[in-house]
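Worksheet: the structure to be examined is printed underneath.
Number of protein chains: 2
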Amino acid sequence: MATQPLTRNQILVLDALTGAEGPLSAYTILDKLRDHGFRAPLQVYRALDKLRELGLVHRLESLNAFVACTQPHDHHTDHGVTAFAICEDCGQVDEMHDAGIEERLSVLAGVRHFKTEKTTIEIRGHCQNCSAAE
Amino acid sequence: MATQPLTRNQILVLDALTGAEGPLSAYTILDKLRDHGFRAPLQVYRALDKLRELGLVHRLESLNAFVACTQPHDHHTDHGVTAFAICEDCGQVDEMHDAGIEERLSVLAGVRHFKTEKTTIEIRGHCQNCSAAE
DNA sequence: TGCCACACGTTATAGCATTACGCAATTGAT
DNA sequence: ATCAATTGCGTAATGCTATAACGTGTGGCA
Ligand SMILES: [Zn+2]
Ligand SMILES: [Zn+2]
Ligand SMILES: [Zn+2]
Ligand SMILES: [Zn+2]
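Residue numbers (my numbering), protein chains in the order written: chain A, 1452 to 1585; chain P, 1452 to 1585.
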């Protein structure tokens, strides 16, 4: 029941993501970790799978890339719905949680008797900084 | 200003999507159209790009696949935000438009001064039929 | 005629993800 | 202690998704 400690590979991958400015693809992570002994994509994907299970990492579907979770909430518990604002210019990702969205989506699914397993919300656009810079 | 007619390739791809039960990957479309002279992925991707510009086709990011638009609205005009409910069992996709979601997302972006270009919403789960069948 | 825009065809390549196999360490009975 | 089951790890091979780069042909138009 106690949170199992992360393995060496999982820590390496998580650190790579945490230290990055923006989302990283699995192959970019692989390249960053070659010096630490990584040689094959599967080492990255296996670590990512576990980290996602634990809620420490999210996958951005529209980017085929991954980010570390930035929310301080308990990672044991369910995240609920997460929305991402992704800047096309600087790559910055903002993780957002909003009860209103969650509620509205729940209604949409409800009227259709659709059982939701996982919801993806990704907003592509330009962050405040990059908009200001024109 | 008049809507330009679709090219032969675009019609073939659109028909393939319209006739399909669920979303199709670009390579699946390619295979379906080999008999009609298609030989390379680019033929499919180019048609898909155009069809998406015209609002006739949507890309499902979480699936790397494409569906024909099922909404009867004018395709010249902007779609607004589209949400998809995707059944993991039967592959059926339900295209949804909801002002509530749109409004809430707009607020989320607004407070961050984030300029939205494109929004992806995809709900993965089980449709009514497949839930009933257990 | 010369120019431009656009769709098309082909080949090659890049980028993302998984399958399959085998080994080692751990755990938890029997 | 021994066996079986689980889990993580390493490696190689493969498969799926998408784009780059090049050239052709056609129609509109100055
Ligand atoms: Zn998170
Ligand atoms: Zn930015
Ligand atoms: Zn549509
Ligand atoms: Zn279904």
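No residue lacks a Cβ here, since even glycine has one placed at the ideal position from N, Cα and C.
Predicted model, so just to flag it, every value in this text is computed and none were measured.
Distance, residue j Cα to residue i Cα
i: Gly1561/P; j: Arg1490/A; result: 43 Å
i: Gly1506/A; j: Val1532/A; result: 12 Å
i: Ile1587/P; j: Leu1468/P; result: Because residue 1587/P is not part of the residues shown, which for chain P are 1452 to 1585, the question remains open.
i: Glu1553/A; j: Glu1573/P; result: 13 Å
i: Gln1522/A; j: Asp1466/P; result: 44 Å
i: His1449/A; j: Asp1540/P; result: Nothing can be reported for residue 1449/A: it is not among the residues displayed for chain A, which extend from 1452 to 1585.
i: Cys1578/A; j: Ile1537/A; result: 8 Å
i: Asp1500/A; j: Gly1470/P; result: 35 Å
i: Phe1517/A; j: Arg1575/P; result: 19 Å
i: Pro1492/P; j: His1509/A; result: 30 Å
i: Pro1456/P; j: Asn1460/A; result: 54 Å
i: Ala1453/P; j: Glu1504/P; result: Bear in mind that the predicted position of Ala1453/P carries a pLDDT of just 45, short of 50, making it unreliable; the figure below should be weighed with that in mind. Whole-angstrom Cα-Cα distance: 15 Å.
i: Ala1583/P; j: Asp1545/P; result: 17 Å
i: Leu1463/A; j: Arg1563/P; result: 32 Å
i: Gly1542/P; j: Leu1511/P; result: 12 Å
i: Cys1520/P; j: Ser1513/A; result: 19 Å
i: Lys1483/A; j: Tyr1496/A; result: 14 Å
i: Gly1488/P; j: Leu1502/P; result: 19 Å
i: Arg1485/A; j: Gln1494/A; result: 11 Å
Which of helix, strand or coil DSSP assigns to residue i
i: Glu1568/A; result: strand
i: Glu1573/A; result: strand
i: Ala1516/A; result: strand
i: Arg1510/A; result: strand
i: Leu1481/A; result: helix
i: Leu1475/P; result: strand
i: Leu1463/A; result: helix
i: Leu1505/A; result: coil
i: Cys1581/P; result: helix
i: Gln1494/A; result: helix
i: Leu1499/P; result: helix
i: Ile1468/A; result: Checking the sequence, you will find Leu at residue 1468/A rather than Ile. Here Leu1468/A sits in helix by DSSP.
i: Gln1455/P; result: coil
i: Gln1522/P; result: coil
i: Gly1561/P; result: helix
Those runs of the beta strand (DSSP E) which lie wholly inside the stretch 1530 to 1558 of chain P and span at least 3 residues: 1534 to 1538, 1544 to 1547
Contact between the stretch 1543 to 1552 of chain P and the stretch 1555 to 1575 of chain A (3+ Cβ pairs under 8 Å): yes
Sufficient close CB pairs (3 or more, under 8 Å) joining the stretch 1562 to 1571 of chain A to the stretch 1472 to 1484 of chain P: no
Within 7 Å of ligand 2: residues by beta-carbon to any heavy atom: Cys1538/A, Asp1540/A, Cys1541/A, Gln1543/A, His1577/A, Cys1578/A, Asn1580/A, Cys1581/A
Any residue whose CB is nearer than 7 Å to a heavy atom belonging to ligand 3, listed in chain order: Gly1506/P, His1509/P, Cys1520/P, Thr1521/P, Gln1522/P, His1530/P, Thr1533/P, Glu1546/P
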